[in-house]
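Please read the structure below before turning to the comments.
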Amino acid sequence: MAGDLTEHKLHGQELLRGHFLHAFRDAVRLPDGSTAQREYIVHPGAVMIVPLLEAAGGSLQLVLERQFRYPLGQTIVEFPAGKIDPGENTLACARRELLEETGYTARQWARAGVLHPVVAYSTEFIEVWFARGLTPGQRRLDEGEFLEVFTATPDQLMQWCRTGLVTDAKTLIGALWLQNMLTGAWPLSWQVLPANADAP
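The opening residue of the sequence shown carries number 21 in this note's numbering; numbering runs sequentially from there.
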């Protein structure tokens, strides 16, 4: 039977309270009784959407984005994603972010799972949602938000993941889910939103 690997907080210190990041340094007692420090960021959580767009002839396209990420100094290829607002459930967040960033609304939604992108230093989690039955509309980008929306085939995305063009962790996980969903290995449970569902 596995031993207890839990680390117990002894005391903590707030390092930074930013716009949405909250940084701490805690002293912890380790399983062997010794002590150590842990620095970490508290994050409100986020969602990522894998939008499936049926193109002419029944072929499948994916809605993706290019966005400049300042800490890396690079333009990154990503699936649409965004931070959860206080009190907001994850499906509502996914619907809102898809519309705001791409202009699309979706009739059908399926929750794939959750990932923790940086377990060593953040509480951040990202729920992965798939969307289909897309209808185009007007984007509602936040002030100061600049991104380019484009489409690609699943094969193109997989090639970009293999060659290193796509390095974003959540998008790599989205590609993994997509690949397994398309083969039938990881089926999704789709929910259809009512035709009169409130817009996000």
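Positions of the beta carbon are idealized from the N, C-alpha and C atoms, including for glycine.
Exposure of residue i, with buried meaning 16 or more beta-carbon neighbours within 10 Å
| i | result |
| --- | --- |
| residue 155 | exposed |
| residue 106 | exposed |
| residue 93 | exposed |
| residue 117 | buried |
| residue 115 | buried |
| residue 134 | exposed |
| residue 191 | buried |
| residue 150 | buried |
| residue 97 | buried |
| residue 119 | buried |
| residue 147 | buried |
Limits of the unbroken beta strand (DSSP E) element including residue i
| i | result |
| --- | --- |
| residue 36 | 28-37 |
| residue 171 | 167-172 |
| residue 102 | 101-103 |
Beta-bridge partners of residue i, as assigned by DSSP
| i | result |
| --- | --- |
| residue 60 | 44 |
| residue 80 | 74 |
| residue 129 | 151, 211 |
| residue 160 | Note: residue 160 sits in no beta bridge, so no partner. |
| residue 94 | 89 |
| residue 182 | According to DSSP, residue 182 bridges with nothing at all. |
| residue 54 | In the DSSP output, where bridge partners are listed per residue, residue 54 has none listed. |
| residue 135 | 146 |
| residue 66 | 103, 146 |
Alpha-carbon spacing of residue i relative to residue j, whole angstroms
| i | j | result |
| --- | --- | --- |
| residue 169 | residue 143 | 29 angstroms |
| residue 124 | residue 75 | 14 angstroms |
| residue 195 | residue 84 | 11 angstroms |
| residue 88 | residue 164 | 12 angstroms |
| residue 57 | residue 187 | 30 angstroms |
| residue 121 | residue 100 | 7 angstroms |
| residue 136 | residue 158 | 31 angstroms |
| residue 82 | residue 26 | 41 angstroms |
| residue 231 | residue 141 | Missing from the structure shown is residue 231; the chain here goes from 21 to 220 and no further. |
| residue 61 | residue 78 | 44 angstroms |
| residue 48 | residue 30 | 5 angstroms |
| residue 38 | residue 139 | 20 angstroms |
| residue 206 | residue 71 | 17 angstroms |
| residue 80 | residue 198 | 12 angstroms |
| residue 59 | residue 32 | 10 angstroms |
| residue 36 | residue 86 | 29 angstroms |
| residue 178 | residue 55 | 44 angstroms |
| residue 40 | residue 130 | 27 angstroms |
| residue 213 | residue 201 | 21 angstroms |
| residue 43 | residue 103 | 17 angstroms |
Continuous alpha helix (DSSP H) stretch holding residue i: start and end
| i | result |
| --- | --- |
| residue 203 | 189-203 |
| residue 111 | 110-122 |
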